[in-house]
Structure formats: C-alpha cells, structure tokens
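Top to bottom, those sequences are chains R and A.
Once you know that position 22 of the first sequence is 22 in this note's numbering, the rest is easy, because the numbers rise by one and skip nothing.
Quick note, this note's numbering runs 1000 ahead of the 1-based positions in the second sequence.
Quick notes on the structure that follows.
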Amino acid sequence: MGSSKVARAWRLIVCAGALALAACSRSAQPVHFFAAGRPAHLSDWQVVYADGSNLALNAGVIPYDLNTPLFSDYAHKLRTIWMPRGTSAKFDPDGSFDFPVGTIISKTFYYPIAKGTARDSKAVARTYDQSTDFSDKAQGERGLKLAKVHLVETRILVRREGGWEALPYVWNAAQTEAVLARTGDAKPLELVADDGTKEAFTYVVPNENQCAGCHVVDLKTKQIAPIGTKARHLNREYPYAAGTENQLLHWTKLGYLSGMADPATAAKNADWRDVAQPLDDRARAYLDINCGHCHNAKGPANTTALDLTIFAAADRFLGMCKPPVAAGRGTGDHFFDIVPGNPQESILPYRMRSSEPGVMMPEQGRTTTHVEGVVLIERWISALRGNCDTTS
Amino acid sequence: MGKVAIAILCALAAGCGGGGTAPQALSADDAAYQQKLQEQLLDAKPGSVIEIPAGRHALDRVLTLRANGVTIRGAGSDKSILSFKNEISGPEGMLVYANDFTIEHLAIEDSKGDGLKVNDGENITIRDVRVEWTGGPKTTNGAYGIYPVKSKNVLIEDSASIGASDAGIYVGQSQNVIVRRNRAEKNVAGIEIENTIDADVYENTATGNTGGILVFNMPNLPQPGQSTRVFNNKSFDNNLANFAAKGAAVASVPAGSGVVVNSNPKVEIFDNDIAGNHTANLIISSYFSTNYYNTQGVDPKYDPYPRGIFVYGNRFKGGGDSPDGLELKTLKVAMFGINGHFPDVLWDGYVDTKSLVNGLPPPAERICVQNGDAEVLNADGPNKYKNPKIDKTSFQCELPKLAAVELPHS
Chain R
1 MGSSKVARAW RLIVCAGALA LAACSRSAQP VHFFAAGRPA HLSDWQVVYA DGSNLALNAG
61 VIPYDLNTPL FSDYAHKLRT IWMPRGTSAK FDPDGSFDFP VGTIISKTFY YPIAKGTARD
121 SKAVARTYDQ STDFSDKAQG ERGLKLAKVH LVETRILVRR EGGWEALPYV WNAAQTEAVL
181 ARTGDAKPLE LVADDGTKEA FTYVVPNENQ CAGCHVVDLK TKQIAPIGTK ARHLNREYPY
241 AAGTENQLLH WTKLGYLSGM ADPATAAKNA DWRDVAQPLD DRARAYLDIN CGHCHNAKGP
301 ANTTALDLTI FAAADRFLGM CKPPVAAGRG TGDHFFDIVP GNPQESILPY RMRSSEPGVM
361 MPEQGRTTTH VEGVVLIERW ISALRGNCDT TS
Chain A
1001 MGKVAIAILC ALAAGCGGGG TAPQALSADD AAYQQKLQEQ LLDAKPGSVI EIPAGRHALD
1061 RVLTLRANGV TIRGAGSDKS ILSFKNEISG PEGMLVYAND FTIEHLAIED SKGDGLKVND
1121 GENITIRDVR VEWTGGPKTT NGAYGIYPVK SKNVLIEDSA SIGASDAGIY VGQSQNVIVR
1181 RNRAEKNVAG IEIENTIDAD VYENTATGNT GGILVFNMPN LPQPGQSTRV FNNKSFDNNL
1241 ANFAAKGAAV ASVPAGSGVV VNSNPKVEIF DNDIAGNHTA NLIISSYFST NYYNTQGVDP
1301 KYDPYPRGIF VYGNRFKGGG DSPDGLELKT LKVAMFGING HFPDVLWDGY VDTKSLVNGL
1361 PPPAERICVQ NGDAEVLNAD GPNKYKNPKI DKTSFQCELP KLAAVELPHS
C-alpha cells in the first residue's frame, strides 16, 4: 500500500501542476497488481485513471467489447484487460479463458451526458450511440472523453493466487477519482432518451457479495470468475488505434492469449442488435449473456431447471412449455416459462419487462426495463412453433 | 444528517422523490447500519458471530452471506427486526450461500422477494426467525418466507412465517431436514416440503393459510423427493382464499386444505390434529390435477403419482363442508348435499394403471388409511369426477414406517 500511496501523491502533484495546462499526461507509473488487500482508490491500480481530460488507459491495458453485452440500465461500458509481462491466458473453446495470476480486468460503467444538461447533472443519455464517448477515433484505447461522459463506477476483477476477486469503485462527483465501495452504492440518475423522454431511476452499484451473485458461476466451487472473457463473446472486430482487428487475434499477437488456432473456427455469439443475423441467434446470445451466468447447470439458478446458456437444447430446459418451479408471483399469472408463438402468455418476457424486485429477471444489475431486449425476446418467442397443450 | 436536513434538500432539489416509484431513502442511521452490517457479512469468517441489535433496522438491499461457519444472532424475533419495506435491490431479505450456518432470534419483514433463502448449504440451523409481510396476505408479497433449497442437514425450529404469497416455510430439493415447532399463518402454503428426501415435519402449527402443510414433487428437477413424515402437527382452519399468482405451483391448492400430498412417494402422516379445513382435512393428489401437465414441458421420466402414503392416528375434526372451486363444490353437493361434507381424506383418484395388480397398486405403493372411522373419497379425477365413491376397502393396508431423521448438528 505504501508505494501506491506515494504513486498517487506523485500523480496528484503532477496533475495539480498540469491542471492549468489543461490535462495530465499519461501516467508514468506502470499498472500495479496488488497480490492482496483492497486498494482504497481505483487509481492505485494504475489501470484506468482520470487524467484531467480523459479516462485514460495505461500502457498494456487493452480495451475490448463483447458481441452481445449484459444490459445494465443502458450504461455504456469500457472493458479493459491487462496481464503481467510474459504471461498469457490459455484459450478455452467454451468457458472463460484460464488467466494467469496478476490479470486485471476493469469495467467502467458510464453514460454519455444528456444533451443540454450540465456535466454534474443527474441526467444521462439513454442511447446506443458510443461515437462521442471516446477521446480518439480508436474506441477506448485512448480512453473516454471526460467532457462527454458521466462516470458511475469501475469494477476491478483481479486474478490473485487464491482466485479471482471483485472490487467495486464508485466515481466521485468531480470525476477525478473512484473510491472503493465494498458495500455498494445507490445513485439517483435520470435517463434522457434521444427524443427527450425522461426516466428517473436508481443506479445500484453492487456490493462485493452481489458481484459474486453473478460471477460465481459454479455454486460448488464458489469461485468468482469473469463472464465476458469467453471466445464466443470476444470473437469480433475492435477498432484499435493501429487498425481494426479481431480481438482474439489481437490478444494472441500481444501475447495475452495462447492456444487460439483461428477466430474463424472459434465460437462466436451473434450481436443482438444486428438485424442481419438470424433472430434465433440474436435471442440466444442475449439470453446467454444476460441470464446464463445463473441459469446454467452449475449456477445459482440451477434450482429452477431452466438453462439459458447458448448450449441449452431448445426444449423444456430452455423453458419451452416448462412449468415454473419457484417463480412465486414472478409468473405474472402465466403457466409456462415460454409458450411458443405466444410471448404475452410466457413468463420469461414478463419477468424481463418488470423492474420490480421479486418479479424481475435478472434479479440484480438493473432497475430499469431493457425495452429493446424485451422486444427481441418477444419477437423470438412469437416466431417459435409448437404449443403447450395441458390436456395431452 | 438529520431528517430535517434531508427534507430541506428534497424540497430544493427538483424531482427528488418526484417519480411515483422512487424509493424512500434510508435515514442516515439506517444507512450507516446497513453499511456496517454488509461489511460484517463481507468480513465474516468461520466462527464469526454477527449480532443484530434490538430495534427496527430499515434496509434497502439484500443481505448476502457467502462465508461458511457463521452465526447471525438477534435479540429475539420480536426485538431485532430487519425491515425491507423500501428495498430497491434484492429481491431477498437475506441470501445465504454457505455451510454450517446458524441464524436465530430475529425477524425479516417485507422483503420484495423471499425472506430468507439458503441455497446449496450444508448444516443449516434456522431458529426463532420470524419472516413476515406486515400488510397481511397479498399477491405482491414475497414468494417464500423461509426457503432452504438444495441444502443438506437443515433444521428449522421455533420460527414463523406470515403472509408469503407462495409458501411460508418452503424446503426445496433438500435432504435430511427437520421442521419443528414452527408457526405458519396467512401464507398460501403454510409449510411446503418439495422434491426433498427425508424430512420430519412435527409439532408445527399451520392455520389461516390456503393450505396448511404440503408435500409436493415438481417435474424437471434433478432430485425427486420421497420419505417425509408429517406428525404431531396442528393444521386447522386453513381457509384463506388462494392469493398466489396463477402458474405458481401452490396456485392449484384449493382453499381449505389441511394437509396435501401431491405426486410425492413415501409420505407418513400420523398423530396430527387436522380440523376445520373447508375443502378437506387431507388431500392426496397427482400432478395431473394441477393443470400444469403437458408433454413438451414435463420430463417424461417424472413420476406424478403419490405412491406409498400411510395415514394413521390423526385426529380429524370438521372440515370438508365448503370446498373451493366449482368442480369440488358441485361434487360435494351432489354426493353429500348442501349441508353435508367431504370425508376427511380426499383422493383425486389418479393411479398408475400400468402398475395395478388385481386392480390395486403393489403393496408398497398403496395409499393406506388406518385412521379410525376416517373415510376416503375417490373423486375420480381421471374421468372428470364422473364416478366418485367412498371406498372402504382399498385403503385398508399398512406400510412400513419410515425412519426418524437425524441431524448431525441438532
């Protein structure tokens, strides 16, 4: 901790001195892997940090995106990964890659500032447009433009000797630093849509145990694991500063990934928003990333016999005509998880539409409704064939 | 910061509390306590005892525990109260993924979802815990009060659940369980044992629920349940109108059910006081009677028959005089008249016809009723109640008694 404090103090001095000149320069401190403990400030890690005008990425910190991401109250996300020099993750065709001790993943949740509102306002934009977020044409690699975005939280997932650990950091009002918030936080915000429609909501920063609520994907091992860093989520292009390239290939070239033969043969989930891709692929990709971390054979929701991973066969385990096990009032007066051809009679979209704890799914990670996600799943169910005749 | 200061801030800030659903912020004291308690749970290690002081503590998000060997202890289930009335993130009151866990002497109130859920734990003790929805029975109450699931060696004693919109005390997919000396009131199901192997349910009081004590098997789950003993309980006046959301398993339970066995084998029901339940004091039924059966959504290997049910020595009184639902009402009036009543035991009549030998199931799979003058009505469900009859001979049999459950930690 001592050295990190010194580093912070040093950087603050540099920042203070440079403030008049507009911005701090890129940190001279390398990424700091803490083998133990919980650093109090995000900047202690030197992974991503506010440098006065940008949320900057340190050298060796690589941004990445997922084919289809988890919905988190319309937040935009800047994901990064860093590994110690000379180490690399081992490729896995299905599961999360096997990352070396020292790996640090960061995920910054932020919103574009709503048009016509002050930078410190609660109003944030509800938009899929990320084009104004970045400080350079290259998405992410040069970081986020602080004048354009409202940073909410940055989560650190760090691979230590004993396994992964999750640490949530919450950005201060001045957007200069994020502070450890082990017990989470709740931020009142207002989503402003492109057409000016407003929706007040509470952005909930998870506590450490809630982090585990999603990231413990195997109840028996109780080990925390990253969710997005799997071949099928990462297998896509990314506009790096040096040019657009497939992420798996880029990681391989950097030495961050070993054992990946060819992205063309690796699994690849659909982009849920890409209407050029088959509806079934888009819906299954959406369910996979939004639901599959709990609803899998080993996950916390295996009590329900509902498997929403990309691997589940399209039968009762995916919810087809399946009576709920312990949905309680989450049924919304419907009898089956999915009634083919009839989304209005299906429990699954009912729980997605809800934003009420006790009814809504996923149980955490959102307090608003993902309208476009619900539309996708309803369209998918509409297109399914079959019926759930109870008399047969 | 005092309440006055918060009020002034609210008055100044446009939109503060303006949204109809905007949750009420916790007081500064409650917020500080919530943070402290969350930290205690995060820092807990084997042997840790987390004391919940007397008083009403308002919280707005689920309490989660993941460390083994922890005790959470209050000053009494009427003294240390965790209130989730303003919960914004949950949905449970408390969610536990841990072994060797004890929780005692406290109350959990008004959680949006389940009150206390223990998932995949071993050696679990829940003692003198009250879970209650304080606004009375409502469909919008949380589903389950006390809810251990996929757990092994579970003791629930001297506890209470009131107002759950599904089951008050709900033991799911577990093994080796004792549920004793509890009180279940104003829930849809008072106590429900589901897909559980080896459970002893005794000395409980279930009253004012839709159904008092249920032993169910649901399809599609990896563990079919069996071997539950229900004895020395009081299950009376469970006549509350069913307020579960449709589609929930317990939504099929008729109001006025004292004890219900559905699709679960090897159940022994004895020495209970079961009285005043308007549909029937004891119902034995099949999943086919629930309206959820369909060929696509139900595992073909699922066994929907209650096999090997042994009923003896219960003290039945009253009941059966005003069954819930048009079909049962019509059936009652047709057979027993306006002022008559169903006999104490109502069986829906579904039987695995493939297993019958001379018209009867094999001895170990029979329904046996050795209960004084208590009669059994075969409602003839498979033929839409066409030929219901009181059958005095088919149930004259005995079954081997089940062994008592023993817990390593009780």
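All C-beta atoms, glycine included, are put in the ideal place defined by N, C-alpha and C.
Residue environment, residue i, which counts as buried when at least 16 other CB atoms sit within 10 Å
i	result
A/Ile1072	buried
A/Phe1408	Looking at the sequence itself, residue 1408 of chain A is Pro, so the reference to Phe does not match. It is exposed - the Cβ of A/Pro1408 has fewer than 16 other Cβ atoms within 10 Å.
R/Arg155	buried
A/Arg1056	exposed
A/Gln1396	exposed
R/Glu393	Nothing about residue 393 of chain R can be read from this structure; chain R reaches only from 1 to 392.
R/Ile105	buried
R/Asp274	exposed
R/Glu372	exposed
R/Asp262	exposed
A/Ser1161	buried
Rounded separation between residue i and residue j - CA only
i	j	result
A/Ile1052	A/Ala1025	21 Å
A/Ser1263	R/Val48	57 Å
R/Leu434	R/Phe109	Nothing in the structure corresponds to residue 434 of chain R, since chain R is present only between 1 and 392.
A/Leu1240	A/Gly1320	14 Å
A/Ala1107	A/Gly1313	35 Å
R/Pro188	R/Ile310	34 Å
R/Cys15	A/Leu1082	Because the pLDDT of R/Cys15 is 41, which lies under 50, any placement of that residue in the model is unreliable, and the question is left without a value.
R/Ser354	R/His76	21 Å
A/Pro1362	A/Gly1381	21 Å
A/Lys1150	A/Val1260	22 Å
R/Thr80	A/Gly1297	41 Å
R/Val158	R/His295	24 Å
A/Asp1078	A/Pro1091	23 Å
R/Leu306	R/Lys322	8 Å
Within-8 Å CB hit, residue i to chain A
i	result
R/Glu372	no
R/Ile81	no
R/Asn246	no
R/Glu153	no
R/Asn209	yes
R/Leu348	no
R/Leu189	no
R/Arg351	no
R/Thr197	no
R/Lys222	yes
R/Leu384	no
Closer than 8 Å to chain R by CB, residue i
i	result
A/Asp1120	yes
A/Lys1112	yes
A/Asn1294	yes
A/Ala1022	With a pLDDT of 47 at A/Ala1022, under the threshold of 50, the modelled position of this residue cannot be trusted, and the question is left open.
A/Thr1140	yes
A/Thr1134	no
A/Arg1449	Outside the displayed span of chain A (1001 to 1410) sits residue 1449 of chain A, for which this structure offers no information.
A/Glu971	What is shown of chain A runs 1001 to 1410, which leaves residue 971 of chain A out entirely.
A/Val1149	yes
A/Pro1091	yes
A/Ser1257	no
Candidates the options, of which the one nearest residue i by Cα
i	options	result
R/Arg284	R/Thr68, R/Gly52, R/Trp164 and R/Leu42	R/Thr68
A/Ile1274	A/Pro1265, A/Ser1285, A/Gly1256 and A/Ser1286	A/Gly1256
R/Gly292	R/Val217, R/Thr176 and R/Leu348	R/Val217
R/Gly102	R/Gly162, R/Leu151 and R/Ser72	R/Gly162
R/Arg403	R/Glu208, R/Ala50, R/Cys321 and R/Leu151	The first residue shown for chain R is 1 and the last is 392, placing residue 403 of chain R beyond what the model contains.
A/Arg1181	A/Gln1173, A/Asn1187 and A/Ile1191	A/Ile1191
R/Pro63	R/Glu165, R/Asp307 and R/Ala241	R/Ala241
A/Val1154	A/Asn1119, A/Gly1093 and A/Ser1165	A/Asn1119
A/Asn1339	A/Leu1346, A/Thr1330, A/Trp1347 and A/Val1345	A/Thr1330
Can you pull out the residues from the segment 312-335 of chain R whose beta carbon lies closer than 7 Å to at least one beta carbon of chain D? Included in the structure are the protein chains R and A, with no chain D among them.
If you scan the segment 69-99 of chain R from start to end, which runs of the beta strand (DSSP E) of 3 or more residues do you find wholly inside it? As far as the segment 69-99 of chain R is concerned, its whole beta strand (DSSP E) runs of at least 3 residues are 76-82.
Could I get the ranges of all uninterrupted beta strand (DSSP E) runs contained in the segment 1246-1331 of chain A, with 3 residues as the minimum, in chain order? Within the segment 1246-1331 of chain A, the complete beta strand (DSSP E) runs of at least 3 residues are 1257-1262, 1267-1270, 1273-1275, 1280-1285, 1309-1312 and 1315-1317.
Quick one: which unbroken beta strand (DSSP E) runs of 3-plus residues sit fully inside the segment 115-202 of chain R? Chain order, please. Correct list: 123-126, 149-160, 163-171, 178-180 and 185-193.
Let me know the beta strand (DSSP E) ranges lying completely inside the segment 1082-1133 of chain A, each 3 residues or longer, listed in chain order. Taken in chain order, the whole beta strand (DSSP E) runs of length 3 or more contained in the segment 1082-1133 of chain A are 1089-1096, 1101-1109, 1116-1119 and 1122-1132.
Completely contained beta strand (DSSP E) runs for the segment 196-284 of chain R, where each covers 3 or more residues: As for any beta strand (DSSP E) of minimum length 3 sitting wholly inside the segment 196-284 of chain R, the runs are 198-205, 237-240 and 243-246, ordered along the chain.
Counting only runs of 3+ residues fully inside the segment 1167-1242 of chain A, write out the beta strand (DSSP E) ranges in chain order. Listed in chain order, the complete beta strand (DSSP E) runs (minimum 3 residues) inside the segment 1167-1242 of chain A are 1167-1172, 1175-1180, 1183-1185, 1189-1194, 1197-1202, 1205-1207, 1211-1216, 1226-1231 and 1234-1236.
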